[in-house]
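Position one of the sequence shown corresponds to residue 0 (the working numbering), numbered consecutively onward.
First the structure, in the form of structure tokens, and then the observations on it.
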Amino acid sequence: MTQVTLKQDGKTLTALLSGELDHHGTSLLRETIDERISAAAPAILVLDFASVTFMDSSGIGLILGRHKLVSAIGGVVMVQNVPAGIKRTLAIAGIESRE
């Protein structure tokens, strides 16, 4: 089951993602994260993939959509703690992660 835990520290919003990021799982994550972005207007959104076990193209869409939303309010998105198998998928999509 896909889950997200949101933590805010000042202007940094961290989304701790877990489970499988597939078509079914990402829609709820998008809604939850987007609601908090709208309410908090973070300068930095951290997407933490430490507990993600699988990701398909829906996960890439999740990242790019949040990037578009946060960029529109002058913020940045950081992707961190990406498992090796998912890191290859992100590299192919041209998305860098920070460790």
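Even glycine gets a Cβ: it sits at the ideal position worked out from N, Cα and C.
- With 16 or more other CB atoms across the displayed protein chains lying within 10 angstroms of its CB, D47 is buried.
- Cβ-Cβ separation between L44 and G93: approximately 18 Å, too far for a contact (criterion under 8 Å).
- For F53 and G9, the gap between their C-alpha atoms comes out near 30 Å.
- Q79 and A14 have their C-alpha atoms roughly 10 Å apart.
- In the same chain as I59, and ignoring 5 residues on each side of it, the C-beta atoms closer than 8 Å to its own belong to T88, L89, A92, I94, in chain order.
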